[in-house]
Ligand code: NAP
């Protein structure tokens, strides 16, 4: 009788999740399903099967793991997607399914950076100097505290348009990452930006704005990662891929 395939659920929504799905999907004897939240329209499609939308909390995720006979779960969500990551830890325990947490390292400050460290968007909004011209890149879910700062000029960059009434001092621009250094420097210059507000997402794809801010000597209000997040099992796609093959006792395919 043929050996049944093993099943791996990747919690995605990141470039790392897509890269992992592409690599793991090539492994014989492994079925990959990537789960995405479905918050952006037309998201880049991962290899393998894809499911979209919330599970319904810890209970829903635990049920999904059991009903689909998932052998291994990989949390490759964004470092600031704290709720789904917390749910994954709890649901994995409840359904007795192993969990590999993969998370890119945070960006370190470098010589020439002028960073103010905060922990929340409310603290970030409070840290903007009166009269500043600020680019806000924290995502569409977390703009509310910035809308109360009527004494600054804000440009909020989001992937999807903000579906709300904005005060006259706030402009919403939409664009899909990644952006390169030239594009970021051009945006800062044309909008006359002096302050950047960003989460410390880490990774290469969002780094150009950090580099551009350094080059142009802008003040950066850096929202640091939640201090209580569980430690990752892997900080790169390579390391995560190796952990998957080990955990499921699969033969990695040779590069040759
Ligand atoms: P979150 O606050 O941690 O999660 C909120 C709820 O959304 C979760 O409780 C879950 O609903 C659902 N959800 C989140 N990720 C999911 C996934 N991969 N598959 C199925 N359901 C998911 O998450 P978030 O910060 O809104 O981020 C949403 C997604 O966007 C994540 O997958 C993340 O990787 C991606 N993303 C986030 C950021 C960011 O800055 N936060 C940036 C880039 C990409 P149920 O409880 O109903 O299961």
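Numbering (the working numbering), first residue to last: 9 to 264.
Here a beta-carbon is modelled for each residue, glycine too, at the ideal position from N, C-alpha and C.
Only a predicted model underlies this, so the values are computations on that prediction, with no experimental measurement involved.
Look at residue 65 here: in three-state DSSP terms it is helix. Distances between the C-beta of residue 86 and the heavy atoms of the ligand NAP include at least one below 7 Å. Within the DSSP secondary-structure output, residue 242 pairs in a beta bridge with 110. Under a 10 Å Cβ-count criterion, residue 254 is classified as exposed, with fewer than 16 other Cβ atoms of the shown protein chains found around its own Cβ.
Rounded to whole angstroms, the separation of the alpha carbons of residue 103 and residue 175 is 47 Å. Between residue 112 and residue 243 a beta carbon distance of about 6 Å is seen, short of the 8 Å cut, so the two are scored as contacting. If you compare the alpha carbons of 55, 43, 91 and 100 with that of residue 71, the shortest gap goes to 100. Shortest gap from the CB of residue 180 to any heavy atom of the ligand NAP: 7 Å or more. Of 189, 183 and 57, the smallest CA-CA separation from residue 219 is found for 189. If only uninterrupted alpha helix (DSSP H) runs of at least 4 residues are considered, those enclosed by the region 29-107 are 65-75 and 90-103.
About 46 Å separates the beta carbon of residue 224 from that of residue 38, a gap too long to meet the 8 Å contact definition.
By a beta-carbon distance limit of 8 Å, residue 234 contacts residue 90. Their separation comes to about 5 Å. The secondary-structure analysis by DSSP pairs residue 14 across a beta bridge with 38. Scanning 98, 185 and 131 for the CA closest to the CA of residue 69 turns up 98.
The beta carbon of residue 252 sits closer than 7 Å to the beta carbons of 16, 32, 80, 82 and 108 from its chain, once the five residues preceding and following it are set aside; these are given in chain order. Beyond the five residues adjoining it in sequence on each side, residue 197 comes within less than 8 Å, by CB distance, of 224 in the same chain, given in chain order.
A distance below 7 Å between beta-carbons, with the five flanking residues on each side excluded, links residue 200 to the following residues of its chain, in chain order: 141. Between residue 121 and residue 236, the alpha-carbon positions lie close to 26 Å from each other.
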